[in-house]
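Protein chains in written order, with the numbering used here: chain F, 304 to 803; chain G, 2 to 247. Backbone N, C-alpha and C define an ideal beta-carbon position, used for all residues, glycine too. As structure tokens, the structure follows; a few thoughts come after it.
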Amino acid sequence: MNKLKLNYTSLSFLPILVCIPLGYQLINNIHFGGFKLFQEFLISSFNPKIDNEIIITVIKRLNETILIGFFSWLVSIIFGAFFGIISSNIFYKIFNIPNFFYRIVRFFLTIIRSIHEVVWGILLMQIYGINFSIGIIAICIPYIAVNSKVFAEQLETIDYKNFESINQINGPKFSSLLTLIWNPIIYTFKNFGLYRLECSIRSTVILGLFGIGGIGTSIFLSFQTLNFRELWTYLWSLAILIILSGLIFKKIKFNTTNKILSIFFISIFFITILFSFLYFLYFIFNNNFENFNSASSLFKSSSDFRLFDFLKLTLETIILSLLSTGIAISLPPLVIGIFNNNTSKIFIKIFAFLLRLIPTPVILLTLLTFNNPSVSLAALTLGLHNAGITSKLLFTNLDSQDKRNYIAMKSLGISKKTSWLLGLFSHQAKSYLAYCAYRSDIIIRETAIVGVIGSVGLGWQLQESLSSFAWQEVTLVLIAYSCIAIVGELINGKIKNSLT
Amino acid sequence: MNNTVLELENISYKYKNDLILNKINLKINSGEKIALLGKSGSGKTTLISVLNGTIKPTQGEVKLFNQSFEELDRKQKSKITTIWQDLRLIEDLSAEQNVNCGLLAENNFYFAFKNLLNISSFKKAHKYMKLCRLHNSIYDKKIRKLSGGQKQRVAIARSLIQESNILLADEPFNNLDPKLITTIKNLLLENVDKNKTKKSPKTALVALHRLDLLNDFDKVIGIRDGKIFFNLKRNNLKKIHLEKIY
Numbered sequence: 304m305n306k307l308k309l310n311y312t313s314l315s316f317l318p319i320l321v322c323i324p325l326g327y328q329l330i331n332n333i334h335f336g337g338f339k340l341f342q343e344f345l346i347s348s349f350n351p352k353i354d355n356e357i358i359i360t361v362i363k364r365l366n367e368t369i370l371i372g373f374f375s376w377l378v379s380i381i382f383g384a385f386f387g388i389i390s391s392n393i394f395y396k397i398f399n400i401p402n403f404f405y406r407i408v409r410f411f412l413t414i415i416r417s418i419h420e421v422v423w424g425i426l427l428m429q430i431y432g433i434n435f436s437i438g439i440i441a442i443c444i445p446y447i448a449v450n451s452k453v454f455a456e457q458l459e460t461i462d463y464k465n466f467e468s469i470n471q472i473n474g475p476k477f478s479s480l481l482t483l484i485w486n487p488i489i490y491t492f493k494n495f496g497l498y499r500l501e502c503s504i505r506s507t508v509i510l511g512l513f514g515i516g517g518i519g520t521s522i523f524l525s526f527q528t529l530n531f532r533e534l535w536t537y538l539w540s541l542a543i544l545i546i547l548s549g550l551i552f553k554k555i556k557f558n559t560t561n562k563i564l565s566i567f568f569i570s571i572f573f574i575t576i577l578f579s580f581l582y583f584l585y586f587i588f589n590n591n592f593e594n595f596n597s598a599s600s601l602f603k604s605s606s607d608f609r610l611f612d613f614l615k616l617t618l619e620t621i622i623l624s625l626l627s628t629g630i631a632i633s634l635p636p637l638v639i640g641i642f643n644n645n646t647s648k649i650f651i652k653i654f655a656f657l658l659r660l661i662p663t664p665v666i667l668l669t670l671l672t673f674n675n676p677s678v679s680l681a682a683l684t685l686g687l688h689n690a691g692i693t694s695k696l697l698f699t700n701l702d703s704q705d706k707r708n709y710i711a712m713k714s715l716g717i718s719k720k721t722s723w724l725l726g727l728f729s730h731q732a733k734s735y736l737a738y739c740a741y742r743s744d745i746i747i748r749e750t751a752i753v754g755v756i757g758s759v760g761l762g763w764q765l766q767e768s769l770s771s772f773a774w775q776e777v778t779l780v781l782i783a784y785s786c787i788a789i790v791g792e793l794i795n796g797k798i799k800n801s802l803t
Numbered sequence: 002m003n004n005t006v007l008e009l010e011n012i013s014y015k016y017k018n019d020l021i022l023n024k025i026n027l028k029i030n031s032g033e034k035i036a037l038l039g040k041s042g043s044g045k046t047t048l049i050s051v052l053n054g055t056i057k058p059t060q061g062e063v064k065l066f067n068q069s070f071e072e073l074d075r076k077q078k079s080k081i082t083t084i085w086q087d088l089r090l091i092e093d094l095s096a097e098q099n100v101n102c103g104l105l106a107e108n109n110f111y112f113a114f115k116n117l118l119n120i121s122s123f124k125k126a127h128k129y130m131k132l133c134r135l136h137n138s139i140y141d142k143k144i145r146k147l148s149g150g151q152k153q154r155v156a157i158a159r160s161l162i163q164e165s166n167i168l169l170a171d172e173p174f175n176n177l178d179p180k181l182i183t184t185i186k187n188l189l190l191e192n193v194d195k196n197k198t199k200k201s202p203k204t205a206l207v208a209l210h211r212l213d214l215l216n217d218f219d220k221v222i223g224i225r226d227g228k229i230f231f232n233l234k235r236n237n238l239k240k241i242h243l244e245k246i247y
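In structure tokens, the structure reads:
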């Protein structure tokens, strides 16, 4: 009898087993009340509303989205690089600072990034009220911490021998540091920083759903009024914006040897830092601060929050993360492997793009038209959205891979699917799993969004506690979120290290 | 008059459970050219790393100009320059940028910044690259695109541009053809003898494998298993000494 051998390829498919409990619960929860609405939603995608009024709204809303998205991206990338440097080993080695501080900075950043931007947004909105600046700050807080992690990881790859060599020249400490980190920082900015703009726009849209402004707010309002044609106008315009931003950045080549360009970027760098500080000071010392809903209540408010419920919600959040991660890992290779022809690939790519494009709360609300709220439904939503992202990476890697093995296997008469699996995918499985380990960190954080909308896990509790200004509960939920995210990050870090 | 520039007093270095250097005592006088011999893994590279302050010894003290290495400031420490066996160049920077890195000690942060932005002056770097027989077509090429011999000469140029008093070199003639070896050897050692320029290295300790290059050195030190087996004038070196360490 053939035994299943655990290798990177089989490990990529195994998590699809989460579909068994997930499917069971989804089938049990099915209802037919909203099928007509769902049908209307799908048809509207081909017939978006286009008139003068909506075009003006789209332009206005996109402007807001671009402004929030771009500015939060710029600030988070610059400060992310800064915190990346001060949370990297090389900084402490050059300045002979005890490792204790290194651990403190890292721990602090881990806590900051463990809380999703939506949670920061909701929290800040409760404190300061709906404010345009909230969007930027809510995105910047976790994004700076996320970016700093990526920059720090890249800086950790600096060869220790190079450090010794530059250090031995005995130049000023800052000169040695800059010389060593320059290339890893530029490399990370080129390969990761530009992609973060797309993420920043997506986050702006999601925050918009919660009232921050921009196109997200319009999407949410049109969904609430079941105006699907209008909804698709906003979604397609968002798609155009994301595609265009990607194309523009692909065209820009950052040539660090070009003197004028270098000076231009350095000027932008310093202006942004100066502006961000001034803006931050303005925000803090402005009247906004007076709107704070009494910080002291954080410690005073009485709570009838029961331990049993809290543990149940925490468990739900963990299960939600695991189920979503299973779908996000296994669905893309499974679908691409089964429908392995050029026409199917185009459809899969379009479908994956739509899953990335449509904000998770909108996907969840759409699915709620024919299914009751449950952990499975929230997991399906989060899993599908992230599968859209992992499939993009998988397609990019598969397309750029040497196909000689695949062609050779096919020429031997081996079936197309088997040739794809052994000749193409098996070479990608390891790096794909390593990326999925990183992705699952994000999935854990994203459980907050679907939790708020889908009435599951700690996200739901957070929304409830915030609405009733039960600050003690809010603190407890945030601590629980941080703990789950930190433990998840530790486990994923171990997995990623063993894979790379 | 005591003209000792570098001194090792009872130096031991332990890495994990291995004793890499074992109670080494060594004095290097100004203007001396010393060849360091020993088979691979004998502790030559570690000894050089201890001498330039990269590695802190587990036991003992390193003195530069009769002062403990720990007490020296950055400027004083920069009087030592090192050519590493594995070169340790920054692969993503150009050859001229790498050579300019040798000037970090005598310049401020702004210089480092300009060097990375490629807007600093490369005049001095080009002068030393030319001395190392590097063709100007490779000046702005990234290190990763250079051949082994070219990289070796870039590392040597980076060391020479520092114009330090003391040169420590770990097998600097690797990857070089015989004609270039003579040129580079003269470049590294000749000035020590003739004292042509004030700023060029006056004292040199060079780890070697090739015995035919010993003629240019005053003293020979033999090292085996982290211990100094002999420390002789070159003329006193006999076959029996070499048999002890190889």
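At the 9 Å Cβ level, is Q471 of chain F part of the contact set with chain G, yes or no? True, the Cβ-Cβ gap to chain G drops below 9 Å.
Through-space distance from S677 of chain F to Q766 of chain F, alpha-carbon basis: 17 Å
Could you confirm whether any beta carbon from chain F is found closer than 9 Å to the beta carbon of N26 of chain G? no
Roughly how many whole angstroms lie between the Cα atoms of L214 of chain G and K220 of chain G? 12 Å
Taking C-beta pairs closer than 8 Å, name the residues in chain F that Q163 of chain G reaches, listed in chain order. I472
Once you ignore the five residues that flank S468 of chain F on each side, which residues in its own chain have a CB closer than 6 Å to its CB? none
Which residue marks the beginning of the alpha helix (DSSP H) containing T482 of chain F, and which one marks its end? From DSSP, the alpha helix (DSSP H) with T482 of chain F extends over K476 to T491.
Start-end ranges of the alpha helix (DSSP H) lying completely within the region 317 to 374 of chain F, minimum 4 residues: 322 to 331 and 338 to 347
In this structure, does DSSP put T55 of chain G in helix, strand or coil? coil
Spatial distance of F435 of chain F from A773 of chain F (CA atoms): 25 Å
In chain order, what residues of the same chain lie with their CB nearer than 8 Å to the CB of S758 of chain F, ignoring the 5 residues before and after it? P676, listed in sequence order.
Within 9 Å (strictly less), CB to CB, does D217 of chain G reach chain F? For D217 of chain G, not one C-beta of chain F is nearer than 9 Å to its own C-beta.
Listed in chain order, which residues of the region 41 to 59 of chain G have Cβ atoms closer than 9 Å to some Cβ of chain F? Taking 9 Å as the upper bound on Cβ-Cβ separation, chain F lies near residues S50, N53, G54, T55 and I56 of the region 41 to 59 of chain G.
Alpha carbon to alpha carbon, how far is H136 of chain G from M130 of chain G? 8 Å
So, is G432 of chain F buried or exposed, given that buried needs 16 or more other C-beta atoms within 10 angstroms? By the neighbour-count rule (16 or more Cβ atoms within 10 Å), G432 of chain F is not buried but exposed.
Can you tell me whether T575 of chain F is helix, strand or coil according to DSSP? helix
Which residue wins for smallest C-alpha separation from R75 of chain G, given the options F:I381, F:I397, F:F385 and F:K363? F:I397
Return the residue from the list F:P318, F:Y311 and F:L309 that minimises the CA-CA distance to S633 of chain F. Of F:P318, F:Y311 and F:L309, the residue nearest in Cα terms is F:P318.
Opposing strand residues paired with E62 of chain G [DSSP bridges]: G:E10
Considering only the alpha carbon of each residue, which of F:L697, F:F698, F:L724 and F:T699 lies closest to I710 of chain F? F:L724
Which class does D744 of chain F belong to by DSSP, given the choice of helix, strand or coil? helix
Put F602 of chain F into one of helix, strand or coil per three-state DSSP. Here the model assigns F602 of chain F a pLDDT of 47, short of 50, so the residue's position is not dependable, and the following value carries that caveat. Reduced to three states, the DSSP call for F602 of chain F is helix.
Which term fits S599 of chain F, buried or exposed, when burial requires 16 or more other beta carbons within 10 angstroms of its beta carbon? Confidence in S599 of chain F is poor, its pLDDT being 49 and thus under 50, which makes the residue's placement unreliable; the coordinate value appears in the next sentence. So S599 of chain F counts as exposed.
Through-space distance from L7 of chain G to V193 of chain G, alpha-carbon basis: Bear in mind that the predicted position of V193 of chain G carries a pLDDT of just 44, short of 50, making it unreliable; the figure below should be weighed with that in mind. Their backbone Cα atoms lie some 16 Å apart in a straight line.
In chain G, which residues lie with their C-beta within 7 Å of the C-beta of F477 of chain F? Per Cβ cutoff of 7 Å: F110.
Taking all protein chains shown into account, do 16 or more other C-beta atoms lie within 10 angstroms of the C-beta of T646 of chain F, making it buried, or fewer, making it exposed? exposed
With 16 other Cβ atoms within 10 Å as the buried cut-off, status of N465 of chain F: buried
Using a threshold of 8 Å, is the CB atom of I756 of chain F nearer than that to any non-hydrogen atom of the ligand PLP? With respect to the ligand PLP, the structure shown offers nothing to examine, as it has no ligands at all.
Could you tell me whether the region 377 to 387 of chain F touches the region 530 to 547 of chain F, where touching means 3 or more Cβ pairs closer than 8 Å? no
What residue from F:D462, F:V755, F:E367 and F:I346 has the CA that sits closest to L511 of chain F's CA? The sequence given here has Gly at residue 511 of chain F, not Leu. Looking at the Cα atoms, F:E367 is the closest of the given residues.
Need the endpoints of the alpha helix (DSSP H) that T663 of chain F sits in, please. T663 to L670
Are the C-beta of F573 of chain F and some C-beta of chain G separated by less than 9 Å? Not an interface residue.
Between A740 of chain F and the rest of its own chain, which residues show a CB-CB distance below 6 Å, the 5 nearest in sequence each way excluded? N795, I798 and K799
For Q764 of chain F, does the count of other Cβ atoms within 10 angstroms reach 16, so buried, or fall short, so exposed? Buried, since its Cβ has 16 or more Cβ neighbours within 10 Å.
Who does F231 of chain G pair with in a DSSP beta bridge? G:G223
Cutoff 9 Å: D93 of chain G Cβ touching any chain F Cβ: yes
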